[in-house]
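Engineer: So the numbering used here is basically just the index in the sequence shown, starting at one, shifted up by 5. One structure is given below, represented as structure tokens, and several questions about it will come after.
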Amino acid sequence: MATLHPSTLSHLPTAIEQPGYNRDTTEIGIVHLGPGAFHRAHQAVYTEQALAEGGNWQICGVSLRSDTLKQALAPQDNLYTLMIVDREPAVSIIGSLKEVLVLKDDRQTVMARMCAAQTCIISLTITEKGYCLDSQDCLDLSHSDIQYDLSHPQTPRSAIGLLTAALAQRMEEKRSELTIISCDNLPHNGEKLKAAVLAFAQQQNPALATWIDTQICFPDTMVDSITPASHSGLEATAQQATGLHDSWPVQREAFTQWVIEDNFSGPRPAWEKYGVVFTHDVQVFEKAKLRILNASHSALAYIGSLAGFETVFDAISNTTIKAYIEQLLQQEILPTIAENADLTPQHYAQAILKRFENPHIRHLLAQIAWDGSKKLSPRILDTVRDNLAASRPIDMLCTVVAAWIVFVASQAKAKHPLTDPLAEALYSMAARHANAITAFATELLADKRIFAELVDHQIFRNTTLNKVTLLAECDAQTVLAKIDTLL
Ligand code: CS2
């Protein structure tokens, strides 16, 4: 079986789209930190389309830690297969990724790319924890990676340290035609990224902080497309469709959305011609998306896992779980989202539930369950805060928090690895309170790193503790029965 490569593209069935521009003569204009499946299925695809308009906008992907993507894509000259797994499936070959670098191995080239005059965009998908923020969403100066980078500014390992090092060099070279675009699921992602970079720069050189503040734009964005991690079965499906072997294809649903604040300090690809929305108010989009889509996802991940389901589709196909998610949305989430010219919350929520019911996609709840200690705040706790301030109910939201707590306890008990920046602390807390879930939950609910000021909120704490008692020590069937009593 031939491998996907520029020299084998002519073997592709004609229905499969392939790069419609000259990859050899197109140069890099974008450096992307964290070129995981989401980037390759989302921003890189918009850029692929925009490349048809011309312009040097190919992407240099920089993996901050692992070299697996670089190894996988090198024999393919960084081409890869995009599988749209939906009611109307589609397959295409994406060529916008020109190069993949690994920070620790290719440090000099990474800096050269980030500082090149022709690089006008640096974008990021590094997940919530990659920003090294504290519970107030400010740069956590005590974070081990930030401490390391402050004392080793020439060899940073965090995205914040790396961006600041590149910006310092760009300031020297007077290259301010650069926009830095966060594409992670954080409210005000651009603003928070900017504040984190400024806080880091301030520690090193206040003049650099001033230069960044006045010269470089960090637009807020909302990104959306359900993109489950690639699994080994995907390689075989991609191969069947294309007739070519691809070591790391990506999959996503058909729906895709990218809203970017119209705030650039340099040129950009013609993304607007391919559906990207440029606006001065990203907040209406990002708030609705985080609180409706991502919050429901996290609710499904924790409640669905406790109820014995494996995927989003399996969980939402259960009538009790679906009824629970619908009531959570109607009673406690949608009241926090105002209707506006761009978005009718009711319709938006219905459309999202339909997307969850896509039978063609296997989106593992275990994947969404990752990093709960970082995801709870933007997805669930901010809504709790708004409801408490407006004297609205928080019961169903607290059930999600309780399900996370019981999920963590059960993972710890079963000695399953937990993917979370606080995994170690969570597991030693669970070990201290083995078989004493209320004591575990009480200690966890007092952790300011996760719950910030809510640690002192009695209604929040007591409601969550009640739900923990309800869900603890239940088998899957009993969890469903207990959820049913909450409806
Ligand atoms: C998911 C998101 O893994 C998760 O936490 O909620 O990745 C979600 O699929 C995307 O934000 C959809 O745009």
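For glycine and all other residues, C-beta sits at the position ideal for the given N, C-alpha and C. Owing to the predicted nature of the structure, the values given are computational and were not obtained by experimental measurement.
#1: In terms of residues, what are the limits of the beta strand (DSSP E) holding residue 229?
#2: Can you give me the C-alpha to C-alpha distance between residue 75 and residue 10, rounded to a whole angstrom?
#3: Roughly how many angstroms separate the alpha carbons of residue 170 and residue 161, rounded to a whole number?
#4: Considering only the alpha carbon of each residue, which of 339, 364, 265 and 400 lies closest to residue 277?
#5: Leaving out five residues on either side along the sequence, give the residues of the same chain with a beta carbon under 6 Å from the beta carbon of residue 455.
#6: Look at residue 279 and residue 51 and say whether their C-beta atoms are less than 7 Å apart.
#7: When DSSP labels each residue in this structure, what does residue 2 get in the three-state scheme?
#8: Measure the Cβ-Cβ separation of residue 204 and residue 213 and say whether it is below 7 Å.
#9: Is it the case that the Cβ atoms of residue 127 and residue 36 are separated by a distance below 7 Å?
#10: Please state whether the Cβ-Cβ distance between residue 259 and residue 89 is less than 7 Å.
#11: According to DSSP, is residue 22 helix, strand or coil?
#12: Is any heavy atom of the ligand CS2 found at a distance shorter than 6 Å from the C-beta of residue 442?
#13: Where does residue 117 sit, in a helix, a strand or coil, going by DSSP?
#14: Pairs of beta-carbons, one from the region 322-342 and one from the region 223-230, closer than 8 Å: are there three or more?
#15: In three-state terms, what does DSSP make of residue 104?
#16: Using only the heavy atoms of the ligand NAP, determine whether one of them is closer than 6 Å to the beta carbon of residue 414.
#17: Tell me where the alpha helix (DSSP H) around residue 301 begins and ends.
#18: Ignore the nearest five residues each way along the sequence and tell me which others in residue 408's own chain have a CB closer than 7 Å to its CB.
#19: Would a check of beta-carbon distances place residue 105 closer than 7 Å to chain C?
#20: Relative to the alpha-carbon of residue 123, which residue among 272, 441 and 394 has its alpha-carbon at the smallest distance?
#21: In terms of DSSP beta bridges, what is residue 66 paired with?
#22: So, do the region 128-141 and the region 22-39 have three or more beta carbon pairs nearer to each other than 8 Å?
#23: Please classify residue 501 as buried or exposed, where buried requires at least 16 other C-beta atoms within 10 Å of its C-beta.
#24: Report the partner residues of residue 345 according to the DSSP bridge assignment.
#25: Would you say the beta carbon of residue 64 comes nearer than 6 Å to a heavy atom of the ligand CS2?
#26: Closer than 6 Å: is that where the CB of residue 299 sits relative to any heavy atom of the ligand CS2?
#27: Kindly provide the ranges of any alpha helix (DSSP H) runs that are 4 or more residues long and lie completely inside the region 249-281, ordered along the chain.
#28: How is the beta strand (DSSP E) around residue 433 delimited, first residue to last?
#29: Pair every Cβ in the region 379-390 with every Cβ in the region 286-302, then say whether three or more of these pairs are closer than 8 Å.
#30: Buried or exposed: where does residue 6 fall if 16 or more other Cβ atoms within 10 Å of its Cβ makes it buried?
#31: Keeping to the same chain, check which residues put their C-beta closer than 8 Å to that of residue 322; ignore five residues upstream and five downstream.
#32: Quick one: is residue 59 buried, meaning 16 or more other Cβ sit within 10 Å of its Cβ, or exposed?
#33: As a quick exercise: from 149, 399 and 202, pick the residue whose alpha carbon is nearest that of residue 462.
#34: Please classify residue 369: does DSSP put it in a helix, a strand, or coil?
#35: Grouping DSSP H, G and I as helix and E and B as strand, with all else coil, what is residue 71?
#36: Just mark residue 192 as buried or exposed, buried being the case when its beta carbon has 16 or more other beta carbons within 10 Å.
Structural biologist: Per the coordinate set shown:
#1: As a position in the sequence shown, residue 229 is number 224, starting the count at 1. Here the beta strand (DSSP E) through residue 229 covers 226-229.
#2: Numbered from 1 along the sequence shown, position 70 holds the residue referred to as residue 75. Numbered from 1 along the sequence shown, position 5 holds the residue referred to as residue 10. Pairing residue 75 with residue 10, the inter-Cα distance amounts to about 15 Å.
#3: Position 165 of the sequence shown, counted from the start, is the residue given in the question as residue 170. Position 156 of the sequence shown, counted from the start, is the residue given in the question as residue 161. So the alpha carbons of these two residues sit roughly 8 Å apart.
#4: Counted from its first residue, the sequence shown places residue 277 at position 272. That would be 265, whose Cα lies nearest to the Cα of residue 277.
#5: For the purposes of this step, residue 455 is taken as the residue at position 450 of the sequence shown. Hits under 6 Å: 378.
#6: Counting from 1 along the sequence shown, the entry for residue 279 is found at position 274. Counting from 1 along the sequence shown, the entry for residue 51 is found at position 46. Yes, these two residues count as a Cβ contact at 7 Å.
#7: Here the chain has residues from 6 to 492 only, and residue 2 is not among them.
#8: To locate residue 204, count along the sequence shown from 1; it is residue 199. To locate residue 213, count along the sequence shown from 1; it is residue 208. No, they are not a contact pair.
#9: Translated into the one-based positions of the sequence shown, residue 127 becomes position 122. Translated into the one-based positions of the sequence shown, residue 36 becomes position 31. In this structure, residue 127 lies near residue 36, with their beta-carbon atoms less than 7 Å apart.
#10: Taking the sequence shown and counting its residues from 1, one reaches residue 259 at position 254. Taking the sequence shown and counting its residues from 1, one reaches residue 89 at position 84. Residue 89 is positioned such that its CB atom lies closer than 7 Å to that of residue 259.
#11: For the purposes of this step, residue 22 is taken as residue 17 along the sequence shown, with counting starting at 1. Shown here, residue 22 sits in a strand according to DSSP, grouped into three states.
#12: On the sequence shown, position 437 is the one that residue 442 refers to. No, the Cβ of residue 442 stays beyond 6 Å of every heavy atom of the ligand CS2.
#13: As a working mapping, residue 117 is identified with position 112 in the sequence shown. Under the three-state reduction of DSSP output, residue 117 falls in the helix class.
#14: Too few Cβ pairs lie closer than 8 Å, so no.
#15: Your numbering for residue 104 matches position 99 in the sequence shown. Under the three-state reduction of DSSP, residue 104 is assigned to strand.
#16: Only the ligand CS2 can be found as ligands here, which leaves the ligand NAP out of the picture.
#17: Here the question's residue 301 lines up with position 296 in the sequence shown. Unbroken alpha helix (DSSP H) run through residue 301: 300-311.
#18: Sequence index remark: in the sequence shown, residue 408 carries index 403 (1-based). Within the same chain, Cβ atoms closer than 7 Å to the Cβ of residue 408 are found at 307, 308, 311 and 476, the five residues on either side in sequence being excluded.
#19: Protein chains in the displayed structure number just one, and chain C is not present.
#20: Here residue 123 is taken as the residue at index 118 of the sequence shown, counted from 1. For the set 272, 441 and 394, the Cα lying nearest the Cα of residue 123 is the one of 272.
#21: The residue labelled residue 66 in the question sits at position 61 within the sequence shown. Among the bridge pairs identified by DSSP, residue 66 is matched with 37 and 105.
#22: Of all C-beta pairs linking the region 128-141 to the region 22-39, three or more are shorter than 8 Å, placing the two stretches in contact.
#23: Limits of the chain in this structure are 6 at one end and 492 at the other, which puts residue 501 out of reach.
#24: The residue you call residue 345 lines up with position 340 of the sequence shown. Partner(s): 348.
#25: Mapped onto the sequence shown, residue 64 falls at position 59. Flag unset: Cβ of residue 64 not near the ligand CS2.
#26: Within the sequence shown, residue 299 is the residue found at index 294, counting from 1. Yes, Cβ of residue 299 sits closer than 6 Å to a heavy atom of the ligand CS2.
#27: List check, alpha helix (DSSP H) in window: nothing returned.
#28: Numbered from 1 along the sequence shown, position 428 holds the residue referred to as residue 433. Run containing residue 433: none in the beta strand (DSSP E); it sits in the alpha helix (DSSP H), 428-437.
#29: Counting C-beta pairs closer than 8 Å gives three or more between the region 379-390 and the region 286-302, which meets the contact rule.
#30: In the sequence shown, residue 6 corresponds to position 1, counting from 1. It counts as exposed.
#31: Taking the first residue of the sequence shown as 1, we reach residue 322 at position 317. These residues qualify, in order along the chain: 362.
#32: As a first step, residue 59 is located in the sequence shown; it is residue number 54 there, counting from the start. Classification for residue 59: exposed.
#33: For the purposes of this step, residue 462 is taken as residue 457 along the sequence shown, with counting starting at 1. It is 399.
#34: Counted from its first residue, the sequence shown places residue 369 at position 364. DSSP, read as helix, strand or coil, puts residue 369 in strand.
#35: By one-based count along the sequence shown, residue 71 stands at place 66. Note: residue 71 maps to coil in three-state DSSP.
#36: Translated into the one-based positions of the sequence shown, residue 192 becomes position 187. Under this definition residue 192 is a buried residue.
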